[in-house]
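Here the protein sequences come in this chain order: D and W.
The numbers in the numbering used here rise by one with no breaks, and the one at position 127 of the first sequence is 127.
The numbers in the numbering used here rise by one with no breaks, and the one at position 480 of the second sequence is 480.
Glycine included, C-beta positions come from ideal geometry on N, C-alpha and C.
A quick write-up on the structure given underneath.
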Amino acid sequence: METVNIEVNGRSYSNEVEPRLLLVHYLRDTLGLTGTHVGCDTSSCGACTVLLDGISVKSCTVFAAQAGGHAVTTIEGIGNSGALHPMQEAFWAKHGLQCGFCTPGMIVSCIDLLRRNPDPSDAEIRAGIEGNLCRCTGYENIVRAVRAAAAAMKADEPRRSVAELLPVGAS
Amino acid sequence: MSTIPSMIGSPIRRREDPRLITGRATYVDDVKMVGTVYAAFVRSPYGHAKVRSVDVSAAKERPGVVAAYAAADLIAAGLNVSIPVAADLPGLKKPAHPPLAIDEVRFVGEPVAVVVANTPYAARDAVEAVAVEYDQLEAAIDLEKAAAGPPYVHEDLGTNVAFVMPVKTGDPEAAFAEADVVVKERIVNQRLIPCPMEPRSMLAHWDTGAAHLTLWTSTQIPHLLRTNLALLLGLGEIKVRVIAPEVGGGFGAKLNLYGEEIVVSWLSTQLGRPVKYIETRSENFAAMTHGRDQIQYIEVGAKKDGTITGLRMKIFANLGAYHQLLTPGIPTFTPLMSPGCYKLTGFDCEVTGVFTNTMATDAYRGAGRPEATFMIERAIDLVALELGLDPVDVRRKNFIGSGEFPFTTITGLTYDSGNYAASLDKALELVDYKGLRAKQEELRKQGRYLGIGFSTYVEVCGMGPSAAMPAPGWDSAQVRVEPTGSVTVMTGISPHGQGEETTFAQIVSAELGVPIDSVSVIHGDTDKVQYGVGTFGSRGTAVGGAALKLAIDSIQAKAVKIAAHQWEANPDDVEYKDGKITVKGDPSKSMTTAEVGFTAFRGVGLPPGLEPGLDATRRFEPPNFVYPFGAHVCVVEVDADTGEAKIVRYIAVDDCGRVINPLIVDGQIHGGLAQGIAQALYEEAVYDENGQLVSGTFMDYAMPRAHQLLAFETDRTTTPSPVNPLGVKGVGEAGTIGSTPAVVNAVMDALAPFGVKNIDMPLRPEKLWKAMHANSNGKVNE
Ligand code: FES
Ligand code: FES
Chain D
1 METVNIEVNG RSYSNEVEPR LLLVHYLRDT LGLTGTHVGC DTSSCGACTV
51 LLDGISVKSC TVFAAQAGGH AVTTIEGIGN SGALHPMQEA FWAKHGLQCG
101 FCTPGMIVSC IDLLRRNPDP SDAEIRAGIE GNLCRCTGYE NIVRAVRAAA
151 AAMKADEPRR SVAELLPVGA S
Chain W
1 MSTIPSMIGS PIRRREDPRL ITGRATYVDD VKMVGTVYAA FVRSPYGHAK
51 VRSVDVSAAK ERPGVVAAYA AADLIAAGLN VSIPVAADLP GLKKPAHPPL
101 AIDEVRFVGE PVAVVVANTP YAARDAVEAV AVEYDQLEAA IDLEKAAAGP
151 PYVHEDLGTN VAFVMPVKTG DPEAAFAEAD VVVKERIVNQ RLIPCPMEPR
201 SMLAHWDTGA AHLTLWTSTQ IPHLLRTNLA LLLGLGEIKV RVIAPEVGGG
251 FGAKLNLYGE EIVVSWLSTQ LGRPVKYIET RSENFAAMTH GRDQIQYIEV
301 GAKKDGTITG LRMKIFANLG AYHQLLTPGI PTFTPLMSPG CYKLTGFDCE
351 VTGVFTNTMA TDAYRGAGRP EATFMIERAI DLVALELGLD PVDVRRKNFI
401 GSGEFPFTTI TGLTYDSGNY AASLDKALEL VDYKGLRAKQ EELRKQGRYL
451 GIGFSTYVEV CGMGPSAAMP APGWDSAQVR VEPTGSVTVM TGISPHGQGE
501 ETTFAQIVSA ELGVPIDSVS VIHGDTDKVQ YGVGTFGSRG TAVGGAALKL
551 AIDSIQAKAV KIAAHQWEAN PDDVEYKDGK ITVKGDPSKS MTTAEVGFTA
601 FRGVGLPPGL EPGLDATRRF EPPNFVYPFG AHVCVVEVDA DTGEAKIVRY
651 IAVDDCGRVI NPLIVDGQIH GGLAQGIAQA LYEEAVYDEN GQLVSGTFMD
701 YAMPRAHQLL AFETDRTTTP SPVNPLGVKG VGEAGTIGST PAVVNAVMDA
751 LAPFGVKNID MPLRPEKLWK AMHANSNGKV NE
């Protein structure tokens, strides 16, 4: 066991962990942040993507202990029902998700994509999310969501709440 | 019956999304219970082997291990069961399928033992400590060889043939006698792996105090699973609750009852603790049902003018080593749908179901129908090529006409409604067919190979009339108007991404005039929801939604009676109009559903003899299947230097009847297209000759990534179905069924200058490059 001191979604934690404990399991099982998912065992799917010091990583490829001294942002820290991140809102508006299992990792990856390239072309979006698998959407609405989020972020639109966007009419 | 028009047909944002986009949804692995222990399975590394011994004693000594069992331990403790198969056929061979292999393993990944530990890590470590001695046997892997003779997957059967199903209708002899040409081909529909992003996940909790089992499991069929599980475990059905919480995709592979679900449930009853099992992706590849895997020998008879006269087929269907729930039933859909959109006069087919030392095949998005559509849509192109006709003209020539519905096909299905020419016309216009052919000519001169491929498909879904199904085909809905006017819907279907929490709320809002955010749609819990059959076969809205409409009708009829009594009016003069109850011709008299609902709840002011309360439970028994259809056009360019086929445009004009939510319908089409295109170009499950699954990870199995797909162009025609009161058809599988042949036809069209007629899927660059260069006649610069 070793001690890990880590900041997750702006809060500091200190835990005793097995050296081999993966960051994704630490987040899910130790901290109960179950928004980050596990979709594979070969670091291929991106369902586990989180931000580590603001940069996207697959949390199944990082030991919890390695993340010590760093700041992690999970989907729960990206935004919540009171204040959605523009990327979350865009996924919702553009129907960028169906079963939702890939979605947290996908949203985090897309946020990182816009950090690197605030105004990507469709081809750049598709290349930028190639580390994230989605079986449901065929990706097209995800591409549209990223485009919409890029525009919203450029315009610096304020974050909106789920309640503001519900009840919903025709969009 | 009047509705609020704006609700139906509106692209309303999904109401399930806020929890999903914020990471607050609850999938099985997110359910945490105090005292949970974790199961891990020991699985066969061999495709076929005798199991000489299984020793779990060392595993039990490992730190954190709670228990470990081999098959013999399960049987000794009273769990001696076979995983059920619901589909049946005359003479079907049904070998025993124990949840843990007893003395022989028959596919890589078959469970042999199970260990339970305090943490998932400890459980996986302990798997390594289970000692299994195997004597490897020769494996039956090649489908046609397995059909022909030994080695046998089940030695005692003395054959690998599980069933032979002949389907002969019309007059095939006469049909072929009048044919000017007979086109023959061997068509391979390769094995695919469904890959829902959430692997199989389950948590069983045996409440020792109440003697009651709760199983959270990632399933499409909670009620059917509960019934079967109760029977297998010898528990009363009321002692079992199955919950499908958030489910991360299914695609047919979660339309099943897995041995792991039986074992994990049983373990909880034995240990008196919650037992969780989340499979790894590698296990998912090896041991969750696969799809497709057919070889078809076809002969198509045609007249010079392109009229198709007859079809002969010999189909070999790879079942895998054992039956899962619907394994033998899936390929029986293939002959039924083989005539496609076309009229034939003779049909002669034989389906042979074959065991091999591979994972069982079962439903996978389309389930038996993509195999039919791929075959017939390729056949049409082969006939066109043979006769030097335009594949568009051959399609038109043979279409069932829009005035001929309902149309009974040569295989005995009655297509409900359709207008095949209309969707084709629209697709041709969208793609500018004439211009495209001209461009193709021009590019060919420059040594660039553009191809245009069509698929005009029809598919059967909205599963289905009970008499035609291996399980009940109806579904159910309960609608309750609560005292405050909120409306609760309990639906028997079990959505897992299809969005019925939204579409069903739209229907309720439109019909009962309540705000959409006052409607709650509940599903996937056998202790909450009346019996329902589940979500598969594109039946959610076509059957479950139809049941909802019936329940709404009952509520409206009762509400009208109550309102009429209040107004001292004749009930015949009272109606629902724009979501309100009014007296015909007197707009001053108006009540809302909420107002009537409260009266019904309060129990005062009701007509004599009418029960209080405003709710209804109804079931919809479909009188027929529904038959969505469409026309897809794929434009590809094949790079002569690399052999890579790049899709330039993909146009899908689909007709799924009336559309409740176009955003969701388009999303279903998109996802379907991705899976169908992926079969054409990328995906293939491969076993080597010993039965090792070579394509067992996302690195080896080419499930497409975003950059491998393109922006789809979708459009629709709308031909309502007469089969259900909503006029809807299913849309979950249509995109997959329609798209695969369009892509392959396009690539073959691109390669036509090289004399290439047929290449087996997936159309990987090396295959195309070889075909182009083998037949190049100097056309391609080496
Ligand atoms: S779970 Fe991390 S990449 Fe798949
Ligand atoms: S939404 Fe289901 S995997 Fe992406």
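Span separating the alpha-carbon of I8 (chain W) from that of L550 (chain W): Numbered from its first residue, the second sequence carries residue 8 (chain W) at position 8. Numbered from its first residue, the second sequence carries residue 550 (chain W) at position 550. Spanning the two alpha carbons is a distance of roughly 17 Å.
Bridge partner(s) assigned by DSSP for I522 (chain W): The sequence position of residue 522 (chain W) within the second sequence is 522, counting from 1. DSSP lists W:M490 as partners of I522 (chain W).
Any 3 or more C-beta pairs closer than 8 Å across the stretch 26-39 of chain W and the stretch 81-90 of chain W: Contact between the stretch 26-39 of chain W and the stretch 81-90 of chain W is absent, because fewer than three Cβ pairs lie under 8 Å.
Listed by chain order, chain D residues near L325 (chain W) by CB distance under 8 Å: In the second sequence, residue 325 (chain W) corresponds to position 325, counting from 1. Per Cβ cutoff of 8 Å: no residues; L325 (chain W) is ~21 Å from chain D at best.
Contact set between E246 (chain W) and chain D, taken where Cβ atoms lie within less than 9 Å: In the second sequence, counting from the first residue as 1, residue 246 (chain W) sits at position 246. In chain order: C99, G100, F101.
Residues that V162 (chain D) contacts on chain W, provided the C-beta gap is smaller than 7 Å: What you label residue 162 (chain D) is simply residue 162 of the first sequence in a count that begins at 1. By Cβ distance, chain W contributes P18.
Contacting residues, own chain, Cβ-Cβ under 7 Å from R28 (chain D) (five flanking each side not counted): Reading the first sequence from its first residue, position 28 is the one you call residue 28 (chain D). In its chain, beyond the 5 residues on either side, T34, T36 have a beta carbon closer than 7 Å to the beta carbon of R28 (chain D).
Other residues of its chain near D293 (chain W): CB distance less than 6 Å, five sequence neighbours each side excluded: If you number the second sequence from 1, residue 293 (chain W) lands on position 293. Closer than 6 Å at Cβ, skipping near neighbours: R191, N318, T361.
Chain D contact for A645 (chain W) (CB, 8 Å cutoff): Position 645 of the second sequence, counting from 1, holds the residue named residue 645 (chain W). So, not an interface residue.
Cross-strand partners of E386 (chain W) (DSSP beta bridge): By one-based count along the second sequence, residue 386 (chain W) stands at place 386. Its beta-bridge partners do not exist; DSSP assigns none.
Where Y420 (chain W) sits in the DSSP three-state scheme: Locating residue 420 (chain W) in the second sequence gives position 420, where the first residue counts as 1. Three-state result, Y420 (chain W): helix.
Cβ pair V183 (chain W), E386 (chain W) closer than 8 Å: Looking up residue 183 (chain W) in the second sequence gives position 183. Looking up residue 386 (chain W) in the second sequence gives position 386. Cβ distance < 8 Å, so V183 (chain W) and E386 (chain W) count as in contact.
Close-in-space but distant-in-sequence residues of the same chain around M1 (chain W) (CB under 8 Å, 5 per side omitted): In the second sequence, counting from the first residue as 1, residue 1 (chain W) sits at position 1. Reliability fails at M1 (chain W), whose pLDDT of 38 lies under 50, so the model's placement of it is uncertain and the value that follows must be treated cautiously. Contacts found: E511, D553, Q556, Y576.
Bridge-paired residues (DSSP) for E442 (chain W): The residue you call residue 442 (chain W) lines up with position 442 of the second sequence. The beta-bridge partner set that DSSP reports for E442 (chain W) is empty.
Burial state of M1 (chain D), where buried means 16 or more other Cβ atoms lie within 10 Å: The residue you call residue 1 (chain D) lines up with position 1 of the first sequence. M1 (chain D) is classed as exposed because its beta carbon has fewer than 16 other beta carbons within 10 Å across all chains shown.
Where the beta strand (DSSP E) containing W216 (chain W) begins and where it ends: Position 216 of the second sequence, counted from the start, is the residue given in the question as residue 216 (chain W). 212-217 is the extent of the beta strand (DSSP E) around W216 (chain W).
Own chain partners of I141 (chain W) with C-beta closer than 8 Å, once the 5 adjacent residues on each side are dropped: Here residue 141 (chain W) refers to the residue found at position 141 of the second sequence. The answer, listed in chain order, is G47, T356, N357, T358, Y687, D688, E689, N690, G691.
Residue burial classification, I336 (chain W) (beta-carbon count within 10 angstroms, cutoff 16): For this step, residue 336 (chain W) is matched to residue 336 along the second sequence. A quick correction: the sequence has Leu, not Ile, at residue 336 (chain W). Classification for L336 (chain W): buried.
Segment limits, alpha helix (DSSP H) that includes H670 (chain W): Taking the second sequence and counting its residues from 1, the one referred to as residue 670 (chain W) is at position 670. Looking at the DSSP string, the run of the alpha helix (DSSP H) that includes H670 (chain W) is 662-681.
For M490 (chain W) and C45 (chain D), believed in contact at Cβ under 8 Å, the rounded distance: The count along the first sequence starts at 1 and reaches residue 45 (chain D) at position 45. The count along the second sequence starts at 1 and reaches residue 490 (chain W) at position 490. In this structure C45 (chain D) is not in contact with M490 (chain W), their Cβ atoms being roughly 34 Å apart against a cut-off of 8 Å.
Three-way DSSP call (helix, strand, coil) for Y576 (chain W) in this model: Translated into positions along the second sequence, residue 576 (chain W) becomes position 576. Here DSSP, grouped into helix, strand and coil, assigns Y576 (chain W) to strand.
Min CB distance R116 (chain D) to chain W below 8 Å: Locating residue 116 (chain D) in the first sequence gives position 116, where the first residue counts as 1. Under the 8 Å criterion on CB atoms, R116 (chain D) is classed as non-interfacial with respect to chain W.
Closest Cα partner of Y27 (chain W) within the set W:K276, W:Y134, W:R13, W:P95: Position 27 of the second sequence, counted from the first residue, corresponds to residue 27 (chain W). When only C-alpha atoms are compared, the closest one is W:K276.
Assigned exposure category for S739 (chain W) - 16 Cβ within 10 Å defines buried: Taking the second sequence and counting its residues from 1, the one referred to as residue 739 (chain W) is at position 739. Looking at its Cβ environment, which holds 16 or more other Cβ atoms inside 10 Å, S739 (chain W) is buried.
8 Å Cβ cutoff met for I410 (chain W) and G170 (chain W): Here the question's residue 410 (chain W) lines up with position 410 in the second sequence. Here the question's residue 170 (chain W) lines up with position 170 in the second sequence. A Cβ-Cβ contact shorter than 8 Å links I410 (chain W) with G170 (chain W).
Inter-stretch contact (C-beta, 8 Å, three-pair minimum) for the stretch 598-612 of chain W and the stretch 444-453 of chain W: Too few Cβ pairs lie closer than 8 Å, so no.
Inter-residue CB distance, A427 (chain W) and V633 (chain W) (contact presumed, cutoff 8 Å): Sequence index remark: in the second sequence, residue 427 (chain W) carries index 427 (1-based). Sequence index remark: in the second sequence, residue 633 (chain W) carries index 633 (1-based). At roughly 5 Å, the Cβ-Cβ gap stays under 8 Å, so A427 (chain W) and V633 (chain W) are in contact.
Range of the contiguous alpha helix (DSSP H) that encloses D112 (chain D): Your numbering for residue 112 (chain D) matches position 112 in the first sequence. For D112 (chain D), the enclosing alpha helix (DSSP H) starts and ends at 103-116.
Under 7 Å (Cβ pairs) to chain D, residues found in the stretch 669-702 of chain W: Listed in sequence order: H670, G671, L673, A674, T697, F698, M699.
Pairwise C-alpha distance: E683 (chain W) and E350 (chain W): The residue labelled residue 350 (chain W) in the question sits at position 350 within the second sequence. The residue labelled residue 683 (chain W) in the question sits at position 683 within the second sequence. E350 (chain W) and E683 (chain W) have their C-alpha atoms roughly 27 Å apart.
Contacts around M703 (chain W), its chain only, beta-carbon distance under 6 Å, and the 5 residues preceding and following it disregarded: Start at 1 with the first residue of the second sequence, and residue 703 (chain W) comes out as number 703. Same-chain partners within the cutoff: C195.
Under the three-state DSSP convention, the category M469 (chain W) falls into: As a first step, residue 469 (chain W) must be located in the second sequence, where it is residue number 469. DSSP, reduced to helix, strand and coil, places M469 (chain W) outside both helices and strands of the structure shown, so it counts as coil.
Minimum Cβ-Cβ distance from A127 (chain D) to chain W less than 8 Å: As a working mapping, residue 127 (chain D) is identified with position 127 in the first sequence. Flagged as an interface residue toward chain W: A127 (chain D), by a C-beta distance shorter than 8 Å.
Nonlocal neighbours in the same chain, by C-beta distance under 7 Å from P104 (chain D), ignoring five residues either side: Numbered from 1 along the first sequence, position 104 holds the residue referred to as residue 104 (chain D). Non-local C-beta neighbours of P104 (chain D) in its own chain, meaning closer than 7 Å and more than five positions away in sequence, comprise G35, T36, H37, I75, ordered along the chain.
Interface residues of the stretch 195-211 of chain W facing chain D [CB-CB below 9 Å]: For the stretch 195-211 of chain W, which is checked against every Cβ of chain D, the residues closer than 9 Å are C195, P196, M197, E198, P199.
Minimum C-alpha distance to D655 (chain W) - residue among W:H223, W:A640, W:L548, W:G630: Here residue 655 (chain W) refers to the residue found at position 655 when the second sequence is read from its first residue. If you compare the alpha carbons of W:H223, W:A640, W:L548, W:G630 with that of D655 (chain W), the shortest gap goes to W:G630.
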